[in-house]
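So the sequences go chain by chain: A and B. Residue 77 in the working numbering sits at position 77 of the first sequence; the count goes up by one each step and never skips. Residue 473 in the working numbering sits at position 355 of the second sequence; the count goes up by one each step and never skips. Even glycine gets a Cβ: it sits at the ideal position worked out from N, Cα and C. Data first, discussion second: the structure below is written as structure tokens.
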Amino acid sequence: MQCILLIYTNEDAYRTMTQAQASEMTASYMAYAEAMSAAGVNVGGQRLRPVSTAATVRTTGGKTQVLDGPYADTKEQLGGYFIIDVPDMDAALSWAQRCPGAATGVVEVRPIWPMSEY
Amino acid sequence: MVDAASTAEVIARDSYARLLALLAARTGDVAAAEDALSDAFAAALADWPGRGIPDNPRAWLLAVARRKRIDAARRTQTVRAAADHLRLLADEQSSGAENAPPDHRLALMFVCAHPAIDEAVRAPLMLQTVLGLDAATIASAFLTAPATMGQRLVRAKLRIREAAIPFRVPDGSEMADRLQAVLDAIYAAFATGWTDPASADIRPGDLAREAIWLCQVLISLLPDEPEALGLLALMLYSEARRRARRSDAGDYVPLEMQPVADWDLAMINEAEALLRRAGTIARIGRYQLEAAVQSAHVARRRFSLPNWPAIFHLYDGLAALTGSPVVAINRAVALAECNGPGAGLAALAVLAEDKRLAEYQPYWAARASLLARTGERSEAQLAYQRAIGLEPDPAVRRFLQQRLAALG
Chain A
1 MQCILLIYTN EDAYRTMTQA QASEMTASYM AYAEAMSAAG VNVGGQRLRP VSTAATVRTT
61 GGKTQVLDGP YADTKEQLGG YFIIDVPDMD AALSWAQRCP GAATGVVEVR PIWPMSEY
Chain B
119 MVDAASTAEV IARDSYARLL ALLAARTGDV AAAEDALSDA FAAALADWPG RGIPDNPRAW
179 LLAVARRKRI DAARRTQTVR AAADHLRLLA DEQSSGAENA PPDHRLALMF VCAHPAIDEA
239 VRAPLMLQTV LGLDAATIAS AFLTAPATMG QRLVRAKLRI REAAIPFRVP DGSEMADRLQ
299 AVLDAIYAAF ATGWTDPASA DIRPGDLARE AIWLCQVLIS LLPDEPEALG LLALMLYSEA
359 RRRARRSDAG DYVPLEMQPV ADWDLAMINE AEALLRRAGT IARIGRYQLE AAVQSAHVAR
419 RRFSLPNWPA IFHLYDGLAA LTGSPVVAIN RAVALAECNG PGAGLAALAV LAEDKRLAEY
479 QPYWAARASL LARTGERSEA QLAYQRAIGL EPDPAVRRFL QQRLAALG
């Protein structure tokens, strides 16, 4: 099964990090992604630019509204994701636990709903 | 003046398993017994503050729980099934003398670890039925979604009832295997399943203290089983070093660098006494060997060095006994301490084909540290990176990153 790991962390905490802390964090993510690749579970993943660069689009009754910022204004922001291919939810949770984001924020694990199973 | 809530709490802690085992033993319906018991505790909290705490609160709870369960049986079952069930209940009520009800806790533990119960759910089931922990707490400890854990527990209890797993303590030839399953479940509740890199330090999980308590209950009911004594010793050795695993700054401290002063020496002495007691029964097994390894590690408190040759021989014995790749890693590390890192690496190389190790951090951490010592720098870097990527604990991750940086 494929799952997406949605990584929510506090962007401000990242901005106030020292150079050394930031490179340690980056190295952790790289090692994590590589460990997943080596185990054959890594389908792909990306880091997202800060929520200040986000915009939301909503069309209601034929009228489109565009707003600055993320959909939900929360203490922690969606900052990146990984898609993994694992045997079951337990395996997905064990990879989520290893994600550096689990120690600095939260990692939401969502099974992907394949189109063939709609 | 003791208030009702705290009295109920004390009774819950001391007698939960006793009451539950008593309620479930005859009918085999653990879920119904849990419901009845939780109703009885709720009734106590409503009743005791006004009317005062009864003279024998445990008997009061048992009587209320039994009544609740009979009510529930009447409500939910067909007339015929209810009649059978009520006859069983009446039978049970008349057989147990109220003042000295039989203790079925040991039978309950064997039911939880019965071969008909899926191995992965045995420890969670024992934590819930014997200690009364809720599914959400258990789920986090076993890194499972709470809803999933809840379903697994419900299914396991259904299985106990439908397979009519008997509430009895196995005897004779059956005993050794069945006890092993109980001990394995307790140990699963204790450890996260990982030992720390290159130091044979067991990582206690969030429920380590609960597991120790389970084992103490087991030993109080089954005092002459050397493997049960060995398991308790093993867990106490590890628990005695809990504080020493972190520096004041929160950094990870591996076993070989822990100051002896940070170990709980009273707990270590207790573990040593248990291990000696197990030894007098002269029936060796996995947990006694593992405890003996820990004993050889803490020998450092007297002789300033761990007893590596002894550790190697013990792991050799364990490897022959269990065939476990985890043991093989620790054996290779011990071999490296005795005969040099090259010998350790050669012993690890045999494991390289094992697919399970692709996700097993201690393998990579051990390999990295041995490669660093033989001077194979780029191989060591790769192995450290794998270990870092697999490590969930940020403090250990930092430690591994420092080791990686130290390679230069």
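From what residue to what residue does the alpha helix (DSSP H) around B:A265 run?
B:A265: member of the alpha helix (DSSP H) spanning 264-280, first to last residue.
Taking just the CA atoms, how far does B:Q412 sit from B:P284?
So the two alpha carbons sit approximately 37 Å from each other.
Spatial neighbours of B:I386 within its chain, please: CB distance less than 7 Å, with the 5 preceding and 5 following residues excluded, ordered by chain position.
For B:I386, the CB contacts under 7 Å within the same chain, skipping 5 residues up- and downstream, are Y355, A358, V416 in chain order.
Taking 8 Å as the cut-off, does the stretch 443-454 of chain B touch the stretch 334-348 of chain B (at least 3 CB pairs, one atom from each stretch)?
Contact check between the stretch 334-348 of chain B and the stretch 443-454 of chain B: fewer than three CB pairs, one atom from each, fall below 8 Å, which does not count as touching.
Closer than 8 Å to chain A by CB, B:Q412:
So no, B:Q412 is outside the interface.
Distance between B:Q298 and B:W331 (C-alpha atoms, nearest Å)
Answer to the nearest angstrom: the Cα atoms are 17 Å apart.
B:A126 and B:F159 - do their beta-carbons sit closer together than 8 Å?
Yes, the Cβ-Cβ distance between B:F159 and B:A126 is below 8 Å.
Which residues share a DSSP beta bridge with B:V468?
The partner list for B:V468 (beta bridge, DSSP) is empty, contrary to what the question assumes.
May I ask which residues mark the beginning and end of the beta strand (DSSP E) holding A:E119?
What is shown of chain A runs 1 to 118, which leaves residue 119 of chain A out entirely.
Run through DSSP, which three-state label would B:A135 get?
Three-state DSSP puts B:A135 in a helix.
Can a CB atom of chain A be found closer than 8 Å to the CB of B:L466?
Residue contact with chain A for B:L466: absent (no Cβ-Cβ distance below 8 Å to any residue of chain A).
Determine whether the Cβ of A:L6 lies closer than 8 Å to any Cβ atom of chain B.
For A:L6, the answer is no, since every Cβ of chain B falls outside 8 Å of its Cβ.
Contact residues within the stretch 44-75 of chain A, judged by C-beta distance below 7 Å to chain E:
Looking at the structure shown, chain E is missing, and the protein chains on hand are A and B.
Return the chain-ordered list of same chain residues with a C-beta closer than 8 Å to the C-beta of B:P264, the five sequence neighbours on each side being excluded.
If you ignore the 5 residues before and after B:P264, its C-beta comes within less than 8 Å of the C-beta of A253, A254, A257, S258, all in its own chain and listed in chain order.
For B:A234 and B:A281, which I take to be in contact (beta-carbon distance under 8 Å), what is that distance rounded to the nearest angstrom?
Contact between B:A234 and B:A281 is confirmed by a C-beta separation of about 5 Å, below the 8 Å threshold.
I need the straight-line Cα distance from B:A130 to B:H222, nearest angstrom please.
Cα to Cα, B:A130 sits roughly 16 Å from B:H222.
Just mark B:L518 as buried or exposed, buried being the case when its beta carbon has 16 or more other beta carbons within 10 Å.
Flag for B:L518 reads buried.
Residues of its chain near B:F228, where Cβ-Cβ distance is below 7 Å and the 5 sequence neighbours each way are ignored
Closer than 7 Å at the Cβ level, and outside the excluded window around B:F228, lie V287, P288, R296, V300.
Just tell me which of B:G290, B:R419, B:M244 has its CA closest to the CA of B:A274.
When each option's Cα is compared against that of B:A274, the closest is B:M244.
For a quick check, are the C-beta atoms of B:Y405 and B:L336 less than 8 Å apart?
In this structure, the beta-carbon distance from B:Y405 to B:L336 does not fall below 8 Å.
Which listed residue (B:A162, B:V239, B:R187) has its alpha carbon closest to that of B:W178
Answer by Cα proximity: B:A162.
Taking only beta carbons into account, state which residues of the stretch 233-265 of chain B come closer than 8 Å to chain A, listed in chain order.
Considering only beta carbons, the part of the stretch 233-265 of chain B lying closer than 8 Å to chain A consists of L261, T262, A263, in chain order.
Within a Cβ cutoff of 7 Å, which residues of the same chain sit near B:V371, ignoring the five residues on either side of it in sequence?
Here the set comprises A362, R363, R364, S365.
Best match in A:D88, A:Y81, A:A54, A:A38 for proximity to A:T9 [C-alpha to C-alpha]:
For A:T9, the closest alpha carbon among the candidates A:D88, A:Y81, A:A54, A:A38 is that of A:Y81.
Considering only C-alpha positions, which residue in the set A:A92, A:E11, A:D68 is nearest to A:P50?
Here the closest residue by C-alpha is A:E11.
The stretch 497-506 of chain B touching the stretch 455-470 of chain B, judged by at least three CB pairs closer than 8 Å
The stretch 497-506 of chain B makes no contact with the stretch 455-470 of chain B, as fewer than three CB pairs between them are under 8 Å.
Exposure of B:N425, with buried meaning 16 or more beta-carbon neighbours within 10 Å
That one is buried.
Buried versus exposed call for A:Q77 [16 or more other C-beta atoms within 10 Å across all chains shown]:
Taking all protein chains in view, the Cβ of A:Q77 is crowded by 16 or more other Cβ atoms within 10 Å, so the residue is classified as buried.
Close-in-space but distant-in-sequence residues of the same chain around A:E65 (CB under 6 Å, 5 per side omitted):
The displayed chain sequence assigns Gln, not Glu, to residue 65 of chain A. For A:Q65, the CB contacts under 6 Å within the same chain, skipping 5 residues up- and downstream, are R58 in chain order.
Nearest-angstrom beta carbon gap, B:Y433 and B:R449 [assumed within contact, 8 Å]
Cβ atoms of B:R449 and B:Y433 come within 8 Å of each other, at about 4 Å.
Cα-Cα separation, A:Q52 to A:K75:
For clarity, residue 52 of chain A is Ser in the given sequence; the question names Gln instead. Whole-angstrom Cα-Cα distance: 14 Å.
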